[in-house]
Amino acid sequence: PAGGGSGKAIRPALVLAAASALGGPVARASAVRAAAAVELVHNFTLLHDDVMDRDTTRRHRPTAWTVFGDADAILAGDALQALALRMLAEDPHPAASAAAARLADCVVELCAGQHADTAMERRGPP
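In C-alpha coordinates, the structure reads:
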(Lines of atoms letter the chains of each structure in order from A and count residues from 1; the text may use other names and numbers.)
(Lines give C-alpha, C1' and ligand atoms only; values in the text may rest on other atoms or scores of the structure.)
Protein backbone atom coordinates (compact mmCIF):
# COMPACT_ATOMS: atom_id res chain seq x y z
CA PRO A 1 0.00 0.00 0.00
CA ALA A 2 2.78 2.40 -0.81
CA GLY A 3 1.86 5.69 -2.40
CA GLY A 4 3.05 6.89 -5.74
CA GLY A 5 -0.09 6.57 -7.81
CA SER A 6 0.72 3.12 -9.16
CA GLY A 7 -2.63 1.67 -8.07
CA LYS A 8 -5.56 1.72 -10.45
CA ALA A 9 -8.21 2.76 -7.89
CA ILE A 10 -10.79 0.77 -9.86
CA ARG A 11 -12.88 -0.03 -6.78
CA PRO A 12 -13.57 3.58 -5.77
CA ALA A 13 -14.09 4.50 -9.42
CA LEU A 14 -16.81 1.85 -9.65
CA VAL A 15 -18.45 3.15 -6.46
CA LEU A 16 -18.50 6.68 -7.88
CA ALA A 17 -19.83 5.50 -11.24
CA ALA A 18 -22.64 3.54 -9.57
CA ALA A 19 -23.52 6.48 -7.32
CA SER A 20 -23.55 8.82 -10.29
CA ALA A 21 -25.91 6.52 -12.15
CA LEU A 22 -28.23 6.11 -9.18
CA GLY A 23 -27.88 9.04 -6.83
CA GLY A 24 -27.49 12.27 -8.72
CA PRO A 25 -25.49 15.26 -7.52
CA VAL A 26 -27.09 15.51 -4.06
CA ALA A 27 -25.46 12.27 -2.91
CA ARG A 28 -22.00 13.14 -4.30
CA ALA A 29 -20.37 13.74 -0.88
CA SER A 30 -21.71 10.43 0.43
CA ALA A 31 -20.53 8.66 -2.71
CA VAL A 32 -17.02 10.04 -2.25
CA ARG A 33 -17.02 8.86 1.37
CA ALA A 34 -18.20 5.40 0.29
CA ALA A 35 -15.55 5.24 -2.43
CA ALA A 36 -12.86 6.22 0.06
CA ALA A 37 -14.13 3.60 2.52
CA VAL A 38 -13.89 0.89 -0.15
CA GLU A 39 -10.34 1.93 -1.00
CA LEU A 40 -9.35 1.97 2.68
CA VAL A 41 -10.69 -1.56 3.12
CA HIS A 42 -8.85 -2.69 0.00
CA ASN A 43 -5.58 -1.32 1.36
CA PHE A 44 -6.26 -2.87 4.77
CA THR A 45 -6.52 -6.26 3.06
CA LEU A 46 -3.29 -5.68 1.16
CA LEU A 47 -1.41 -4.84 4.36
CA HIS A 48 -2.64 -7.98 6.09
CA ASP A 49 -2.16 -10.18 3.03
CA ASP A 50 1.45 -9.06 2.62
CA VAL A 51 2.19 -10.00 6.24
CA MET A 52 0.51 -13.41 5.92
CA ASP A 53 2.08 -14.24 2.57
CA ARG A 54 5.44 -12.70 3.55
CA ASP A 55 5.46 -10.66 0.34
CA THR A 56 8.38 -8.26 0.39
CA THR A 57 7.29 -5.94 -2.42
CA ARG A 58 4.03 -4.51 -3.69
CA ARG A 59 3.84 -2.24 -6.71
CA HIS A 60 7.63 -2.39 -6.93
CA ARG A 61 8.09 -0.97 -3.42
CA PRO A 62 8.89 -2.57 -0.06
CA THR A 63 5.82 -3.78 1.79
CA ALA A 64 4.86 -2.14 5.08
CA TRP A 65 5.80 -5.14 7.22
CA THR A 66 9.33 -5.21 5.77
CA VAL A 67 9.78 -1.54 6.68
CA PHE A 68 7.85 -1.25 9.96
CA GLY A 69 7.52 -4.84 11.17
CA ASP A 70 4.58 -7.23 11.37
CA ALA A 71 2.82 -5.64 14.32
CA ASP A 72 2.81 -2.11 12.92
CA ALA A 73 1.69 -3.28 9.48
CA ILE A 74 -1.20 -5.22 11.03
CA LEU A 75 -2.15 -2.27 13.24
CA ALA A 76 -2.07 0.07 10.24
CA GLY A 77 -4.41 -2.30 8.41
CA ASP A 78 -6.71 -2.49 11.41
CA ALA A 79 -6.80 1.31 11.58
CA LEU A 80 -7.69 1.56 7.88
CA GLN A 81 -10.58 -0.84 8.36
CA ALA A 82 -11.87 1.05 11.40
CA LEU A 83 -11.58 4.38 9.58
CA ALA A 84 -13.51 2.99 6.60
CA LEU A 85 -16.39 1.83 8.79
CA ARG A 86 -16.35 5.08 10.75
CA MET A 87 -16.56 7.12 7.54
CA LEU A 88 -19.75 5.30 6.61
CA ALA A 89 -21.16 5.27 10.13
CA GLU A 90 -20.85 9.06 10.37
CA ASP A 91 -22.35 9.74 6.94
CA PRO A 92 -25.86 11.23 7.15
CA HIS A 93 -27.07 9.59 3.92
CA PRO A 94 -29.98 7.19 4.62
CA ALA A 95 -28.17 4.31 2.90
CA ALA A 96 -24.89 4.81 4.75
CA SER A 97 -25.62 2.47 7.67
CA ALA A 98 -26.65 -0.31 5.28
CA ALA A 99 -23.47 0.34 3.29
CA ALA A 100 -21.38 0.08 6.46
CA ALA A 101 -23.05 -3.23 7.32
CA ARG A 102 -22.47 -4.56 3.81
CA LEU A 103 -18.84 -3.47 3.85
CA ALA A 104 -18.39 -5.24 7.20
CA ASP A 105 -19.99 -8.36 5.67
CA CYS A 106 -17.51 -8.15 2.80
CA VAL A 107 -14.61 -8.00 5.27
CA VAL A 108 -15.94 -11.13 7.01
CA GLU A 109 -16.12 -12.88 3.62
CA LEU A 110 -12.60 -11.70 2.81
CA CYS A 111 -11.33 -13.10 6.11
CA ALA A 112 -12.98 -16.45 5.39
CA GLY A 113 -11.32 -16.53 1.99
CA GLN A 114 -7.95 -15.60 3.44
CA HIS A 115 -8.36 -18.32 6.07
CA ALA A 116 -9.07 -20.87 3.35
CA ASP A 117 -5.98 -19.67 1.46
CA THR A 118 -3.68 -19.99 4.46
CA ALA A 119 -5.17 -23.38 5.37
CA MET A 120 -4.52 -24.64 1.85
CA GLU A 121 -0.94 -23.36 1.99
CA ARG A 122 -0.37 -25.18 5.29
CA ARG A 123 -1.70 -28.45 3.82
CA GLY A 124 0.52 -28.19 0.77
CA PRO A 125 -0.10 -29.80 -2.62
CA PRO A 126 -2.41 -32.82 -2.79
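Each step along the sequence shown adds one to the number in our numbering, with nothing skipped, and position 107 is 1104.
Every residue, glycine too, gets a C-beta built ideally from N, C-alpha and C.
Between residue i and the rest of its own chain, which residues show a CB-CB distance below 6 angstroms, the 5 nearest in sequence each way excluded?
i            : result
residue 941  : Given that the chain is displayed from residue 998 to residue 1123, the structure contains no residue 941 and the question cannot be resolved.
residue 1117 : none
Note down, in chain order, each residue of its chain lying with its Cβ closer than 8 angstroms to the Cβ of residue i, except the 5 sequence neighbours on either side.
i            : result
residue 1024 : 1016, 1090
residue 1092 : 1027
Residues in its own chain within less than 7 angstroms of residue i by CB, not counting five upstream and five downstream?
i            : result
residue 1084 : 1030, 1033, 1034
residue 1080 : 1037
residue 1073 : 1044, 1061
residue 1064 : none
What distance in whole Å lies between the Cβ atoms of residue j and residue i, which are believed to be in contact at a cut-off of 8 angstroms?
i            : j            : result
residue 1082 : residue 1097 : 6 angstroms
residue 1012 : residue 1104 : So it is not a contact: roughly 16 angstroms between Cβ atoms.
residue 1027 : residue 1088 : 5 angstroms
residue 1111 : residue 1046 : 7 angstroms
residue 1107 : residue 1042 : 6 angstroms
Ends of the alpha helix (DSSP H) at residue i?
i            : result
residue 1069 : 1067 to 1086
residue 1052 : Segment: none, residue 1052 is in no alpha helix (DSSP H) and carries neither H nor E.
residue 1112 : 1093 to 1120
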